[in-house]
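The listed protein sequences correspond, in order, to chains A and B. The working numbering applies: residue 2 is where the first sequence begins, and numbers increase by one. The working numbering applies: residue 839 is where the second sequence begins, and numbers increase by one. Cβ atoms here follow ideal geometry from the backbone N, Cα and C, with glycine treated the same way.
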Amino acid sequence: GENVEQHPSTLSVQEGDSAVIKCTYSDSASNYFPWYKQELGKRPQLIIDIRSNVGEKKDQRIAVTLNKTAKHFSLHITETQPEDSAVYFCAASSAYGQNFVFGPGTRLSVLP
Amino acid sequence: DAMVIQNPRYQVTQFGKPVTLSCSQTLNHNVMYWYQQKSSQAPKLLFHYYDKDFNNEADTPDNFQSRRPNTSFCFLDIRSPGLGDAAMYLCATSTGTGYSPLHFGNGTRLTVT
């Protein structure tokens with residue numbers, strides 16, 4: 002089955018700096034990769050996603066890159082703000098779109 | 839607004855006393871999921887329904903069961919809750935057609951006393 006690794010487990014950055022979170026997956030059949038942000042006590046919320054036929058996607062300060070050959074995908078947050086502080090989860094899904102496997106999460110702290 | 843609704847937000851039950859958590863959706867999605875999440879760990883899939891087809895994860899304890907009486911509703915039954923079952927339970931939906939994200943409800947935080 003699919004296995005998703007995520008690094009780092011914790012990340013602290015100064016406000017205004019960039020943050021990068023990296024994930025690797027094992028199943029070459031996975032072709033859809035969403036990222037979720039979860040604030041304390043709240044539900045995970047989708048922040049960006051990418052399909053396997055796309056190498057990069059950007060939405061304002063957030064971008065995701067995918068290297069299908071290496072089975073890597075990364076989340077990039079630029080100009081970080083204190084409200085970006087949360088736990089971020091990457092996930093991978095197969096072509097049938099039913100099963101999502103999550104990475105273990107990264108706790109991002111943006112220091113003012 | 840179309841959404842995934844979980845009730846209650848907080849549930850307290852006694853050790854060994856059966857409890858049912860509920861989830862409803864107005865998204866008309868084919869797939870409904872139940873996840874267990876502890877202490878900011880990754881959500882752990884318990885089971886999911888594709889329409890009426892039930893899919894159980896291999897490591898989901900027998901203590902957990904689910905019902906989906908119709909497209910809109912799904913229930914999680916915990917037959918004999920133990921202290922280790924205290925967690926956030928997240929319901930989610932997706933279209934199930936690929937390239938479709940999970941839409942999560944706000945979760946039910948279960949406390950076992």
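Around the C-beta of residue i, are 16 or more other C-beta atoms found within 10 angstroms, so that it is buried, or is it exposed?
{"i": "residue 870 of chain B", "result": "buried"}
{"i": "residue 951 of chain B", "result": "exposed"}
{"i": "residue 50 of chain A", "result": "buried"}
{"i": "residue 38 of chain A", "result": "buried"}
{"i": "residue 100 of chain A", "result": "buried"}
{"i": "residue 111 of chain A", "result": "buried"}
{"i": "residue 853 of chain B", "result": "exposed"}
{"i": "residue 931 of chain B", "result": "buried"}
{"i": "residue 55 of chain A", "result": "exposed"}
Looking only at its own chain, which residues have a Cβ that is under 6 Å from the Cβ of residue i, when we skip the five neighbours before and after it?
{"i": "residue 77 of chain A", "result": "21 and 64"}
{"i": "residue 105 of chain A", "result": "7"}
{"i": "residue 915 of chain B", "result": "858 and 903"}
{"i": "residue 926 of chain B", "result": "875, 945 and 947"}
{"i": "residue 73 of chain A", "result": "25"}
Name the residue from the options whose alpha carbon lies nearest to the alpha carbon of residue i.
{"i": "residue 857 of chain B", "options": "B:901, B:888, B:911 and B:934", "result": "B:901"}
{"i": "residue 864 of chain B", "options": "B:910, B:851, B:898 and B:875", "result": "B:910"}
{"i": "residue 35 of chain A", "options": "A:80, A:103, A:17 and A:2", "result": "A:103"}
{"i": "residue 53 of chain A", "options": "A:33, A:70 and A:13", "result": "A:33"}
{"i": "residue 60 of chain A", "options": "A:92, A:109, A:79 and A:40", "result": "A:79"}
{"i": "residue 877 of chain B", "options": "B:922, B:930, B:844 and B:850", "result": "B:922"}
{"i": "residue 920 of chain B", "options": "B:842, B:906, B:848 and B:949", "result": "B:949"}
Rounded to a whole number of angstroms, what is the C-alpha to C-alpha distance between residue i and residue j?
{"i": "residue 933 of chain B", "j": "residue 940 of chain B", "result": "8 Å"}
{"i": "residue 15 of chain A", "j": "residue 84 of chain A", "result": "12 Å"}
{"i": "residue 68 of chain A", "j": "residue 5 of chain A", "result": "14 Å"}
{"i": "residue 867 of chain B", "j": "residue 24 of chain A", "result": "28 Å"}
{"i": "residue 13 of chain A", "j": "residue 90 of chain A", "result": "16 Å"}
{"i": "residue 81 of chain A", "j": "residue 890 of chain B", "result": "43 Å"}
{"i": "residue 881 of chain B", "j": "residue 855 of chain B", "result": "24 Å"}
{"i": "residue 937 of chain B", "j": "residue 93 of chain A", "result": "10 Å"}
{"i": "residue 107 of chain A", "j": "residue 879 of chain B", "result": "10 Å"}
Under 8 Å Cβ to Cβ from residue i, same chain only, skipping five residues before and after it: list those, please.
{"i": "residue 885 of chain B", "result": "871, 872, 892, 893, 894, 895, 898, 902 and 904"}
Between residue i and the rest of its own chain, which residues show a CB-CB distance below 7 Å, the 5 nearest in sequence each way excluded?
{"i": "residue 17 of chain A", "result": "80 and 81"}
{"i": "residue 888 of chain B", "result": "868, 869 and 934"}
Using a beta-carbon distance cut-off of less than 9 Å, what residues from the segment 85-113 of chain A approach chain B? Those would be 88, 90, 92, 94, 95, 96, 97, 98, 99, 100, 101, 102, 103, 104, 105, 106 and 108, in chain order.
To be precise: take each residue of the segment 46-69 of chain A, compare its Cβ to all Cβ atoms of chain C, and keep it if any distance is under 8 Å. Which residues remain? Included in the structure are the protein chains A and B, with no chain C among them.
Can you list, in chain order, the residues of the segment 929-941 of chain B whose Cβ is nearer than 9 Å to any Cβ on chain A? Answer in chain order: 930, 932, 933, 934, 935, 936, 937, 938, 939, 940 and 941.
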